[in-house]
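Structure record follows, encoded as structure tokens.
Chains as they are written, first to last, in our numbering: chain A, 231 to 522; chain B, 231 to 522.
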């Protein structure tokens, strides 16, 4: 099983889930499509699907849930880029949503994607396929991860830390909430949809926590060492904004060492899945060595 | 049964559902509390609870769902007031959320309330009380009403209509989505949570559609005839912005006549509930004659 196999499935389902009809608000739908169908790495949906498979679940049935996670991720990027937040003009190498569609429609496109995620997971078809109990459990995990004790709370910590030196502890809490929570939720949702047992759930959680943190440390490293063209965004912005990062707090070498250790932890967490866990182990390694 | 009886229940539950703990993002939570616990009329949660009761359901079990609707309503007000949207400085007679907490935190407070609504409806406690099937159905109705084919789509129509004369048809579609959808969802959720039959659901839908439209027409009338102090917001803004309203399109007298007819339709729709429907009939009449 190669994880790449999931990509065309995810792209096609995302495309299907977004409405296309002519209507009085098609500009809004266009704005949602612009950001959602934009060749992201689809890390989170891939985790949902692969953990679902590893725990014996039906990957096709999990697909709408995988897409829902990507909708939540995309909404958060659109809102983060807004002028009142990070004020970023570029995203994945093209104008950010509000640069392309205006602030008002970008705000609504984010709100629309956030809401569509829940409508997708809880649709009558979805309930009929996976059962209301599992669907509701998965949707609850996503709501919790996206909410005030997850992404939204992490964003607020980020805002209140701007221009200030923060401790490693604060940085870690911020990242656990801002980015880690959604990665953790993806793994948990895969398990929930498959009706996984305790041991499988524990393994998935350990793996997801480790790669979630490693992912963030790599982001900070790439902001120092990465190539703007490959990344599709400017580098050096953290240093310029005097932002506390894993690199500034730990030093570049220690940060790289932490990534190695976390990747090792992630790989070891997969042991209960035996040979079947190999794809996710490789995935953890590829995230650690990514260039964009 | 007086509908006012629900108010203290709703207020107390809203208070309970919002976290209070000391944390690194308590300013965000304060911003959410500021707008949510602000003495709104709680029209939508009241509809959830009363339709649940009328259809033989458990009102206490429906309470988290009723509160979820109010969270969605409040999030939409916070985002609508933002400078990139309506740019309103006042809401319910006090500074709007972004005036009090800044645009960034206001944006997140809206996102946080939207997400908390789903976490509330799909929490393990909530699933245990009403059952996953009914909880998921109610949450789906709310997600659909709040989403692109509901509130968010209606907002986009509103944005694209700004400064333009629009037809009665467009105005009606806009209002059905912007405000009607959430009122309709409230009635439907009450029915779903009670496991209502087809006839009860039809009655609830007819009632909700009628009061939803009447509510909006009254809003337009109040913008012409209302008192700014009673309303807690400036009047005359529609005319000032050359906005097409029911009053501008139908004339003041015809608009008032429409409210009367719609209220009559709403009252008649309640017939299947017999004497028990009286409170909702009075409620429809009071909405029609409201001053704020």
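Note that CB positions come from ideal geometry on N, CA and C, so glycine has one too.
Residue i (DSSP reduced to helix, strand or coil)
i: residue 254(A); result: coil
i: residue 322(B); result: coil
i: residue 352(B); result: coil
i: residue 285(A); result: coil
i: residue 515(A); result: helix
i: residue 310(A); result: helix
i: residue 521(B); result: coil
i: residue 268(A); result: coil
i: residue 298(B); result: helix
i: residue 473(B); result: coil
i: residue 394(A); result: coil
i: residue 232(B); result: coil
For residue i, the nearest candidate out of the options (CA to CA)
i: residue 274(A); options: 249(A), 248(A), 412(A), 387(A); result: 412(A)
i: residue 384(A); options: 379(B), 355(B), 334(B); result: 334(B)
i: residue 316(A); options: 483(A), 480(A), 471(A), 513(A); result: 471(A)
i: residue 521(A); options: 450(A), 506(A), 468(A); result: 450(A)
i: residue 445(A); options: 248(A), 356(A), 265(A), 519(A); result: 519(A)
i: residue 501(A); options: 453(A), 300(A), 429(A), 349(A); result: 429(A)
i: residue 244(B); options: 299(B), 253(B), 283(B); result: 299(B)
i: residue 403(B); options: 424(B), 418(B), 374(B), 379(B); result: 379(B)
i: residue 375(A); options: 417(A), 399(A), 286(A), 441(A); result: 417(A)
i: residue 488(B); options: 469(B), 443(B), 439(B), 507(B); result: 443(B)
i: residue 382(A); options: 258(B), 284(B), 373(B); result: 258(B)
i: residue 368(B); options: 388(B), 387(B), 386(B), 347(B); result: 347(B)
i: residue 256(B); options: 310(B), 331(B), 389(B); result: 331(B)
i: residue 306(A); options: 323(A), 324(A), 345(A); result: 345(A)
i: residue 293(B); options: 265(B), 481(B), 506(B), 247(B); result: 247(B)
i: residue 393(A); options: 473(A), 399(A), 508(A), 324(A); result: 473(A)
i: residue 253(A); options: 407(B), 370(B), 336(B), 361(B); result: 407(B)
i: residue 236(A); options: 337(A), 290(A), 267(A), 410(A); result: 290(A)
i: residue 401(B); options: 439(B), 370(B), 479(B); result: 479(B)
i: residue 271(A); options: 263(A), 355(A), 250(A), 304(A); result: 304(A)
i: residue 431(A); options: 457(A), 409(A), 284(A); result: 284(A)
i: residue 396(B); options: 477(B), 351(B), 286(B), 312(B); result: 477(B)
i: residue 438(B); options: 511(B), 426(B), 359(B); result: 511(B)
i: residue 497(B); options: 514(B), 483(B), 481(B); result: 514(B)
i: residue 423(B); options: 319(B), 365(B), 482(B); result: 365(B)
i: residue 296(B); options: 308(B), 277(B), 233(B); result: 277(B)
i: residue 225(A); options: 391(A), 465(A), 448(A), 499(A); result: Residue 225(A) lies beyond the range of chain A shown here (231 to 522); nothing can be said about it.
i: residue 343(B); options: 456(A), 414(A), 242(A), 373(A); result: 373(A)
i: residue 239(A); options: 323(A), 280(A), 250(A); result: 280(A)
Residue span of the alpha helix (DSSP H) that contains residue i, given as start and end
i: residue 442(A); result: 428-455
i: residue 315(A); result: Premise fails: residue 315(A) is in no alpha helix (DSSP H) and is neither H nor E.
i: residue 384(B); result: 381-391
i: residue 412(A); result: 411-424
i: residue 363(B); result: 362-376
i: residue 467(A); result: 467-470
i: residue 240(B); result: 236-247
i: residue 483(A); result: 482-499
i: residue 329(B); result: 327-331
i: residue 405(A); result: 398-405
9 Å Cβ cut-off: residues of chain E touching residue i
i: residue 309(A); result: In the structure shown, chain E cannot be found, because the protein chains are A and B.
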